[in-house]
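Note sheet for the following structure.
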Ligand code: NAD
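Spelled out as structure tokens, the structure:
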């Protein structure tokens, strides 16, 4: 294990454009359950997974009902109260790597905004943010506070409408069956095609198209792909990752940062 941590630290130092890809696993140590880990929400409740697959269909069929349902559990079930969640040592390690000017960008599947809360400056939220709403016509993002949803509900004016183009507004979080918004999809693809090191942290790597980003990076020569995960994934098994460091991101990422500091002295 220590050998792999040293190897990762040296690879990060040698890289010229390192990026990180993160998933729900990096936030479990902040008390937010993942979906597919051993204690994941869907591992324990497969019906919740089936319901999630219906959510976008419901939005398209009837945006008003979608909003009424979404408002009924805005701070309740699902991932729980994300407003109070705090970054953990794994998130903070990625901030340290950015401050060292090694890490250039994070592409996250997480909707919990913990990378921004931790202090990372360049974060692409591939699946959106729970804090934001998005116009499905022009992709404009709005903070939730910009809409008085309760008032709209009372006045029977749901769904909210975009202030720029009058399109229908939904949660920014990308539902199953919904395309990745073009802006973030394009920027993420550019990053995957530009990086020479990709640090993959806490994802089961089964959700597409996110899981294709490591494959795209792997197709180019000279790209090092490091995976830090509690358990092996298709990326490990199919040889997309150059090496796999098994364990908790909240322990391994800080250990890598410490080693980078030591090697750079
Ligand atoms: P996933 O639940 O499919 O997989 C999480 C992976 O992380 C598993 O392989 C698990 O073994 C591993 N893991 C769990 N704890 C870990 C830890 N401490 N250290 C290292 N690895 C750990 O998650 P996914 O791949 O991100 O896909 C789930 C989808 O659901 C994403 O699209 C995401 O948008 C959404 N989601 C987001 C959150 C969040 O924002 N925090 C939480 C759950 C689900």
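In our numbering, the protein residues as written are 5 to 269. C-beta atoms are modelled at their ideal positions from N, C-alpha and C, and glycine is treated no differently.
- Pairing residue 208 with residue 155, the inter-Cα distance amounts to about 40 Å.
- Collapsing the DSSP output to three states places residue 175 in a strand.
- Sequence-distant partners of residue 90 (beyond 5 residues in either direction) whose C-beta falls short of 8 Å from its own C-beta, in its chain, are 34, 118 and 121.
- For residue 63, the uninterrupted alpha helix (DSSP H) segment begins and ends at 50 to 65.
- Residue state for residue 161 is assigned as coil, using DSSP reduced to three classes.
- Straight-line spacing of the CA atoms in residue 221 and residue 152 works out to 42 Å.
- Contact annotation, residue 205 with residue 171: C-beta distance approximately 34 Å; criterion of less than 8 Å not satisfied.
- By the CB criterion at 9 Å, residue 29 and residue 215 fall outside the cutoff.
- With a threshold of 8 Å, the Cβ atom of residue 147 does not count as near ligand 1, since no heavy atom of the ligand is closer than that.
- DSSP places residue 197 in the uninterrupted alpha helix (DSSP H) bounded by 186 to 198.
- Nearest Cα to residue 58 within the set 197, 182 and 237: 182.
- For residue 253, the enclosing alpha helix (DSSP H) stretches over residues 253 to 268.
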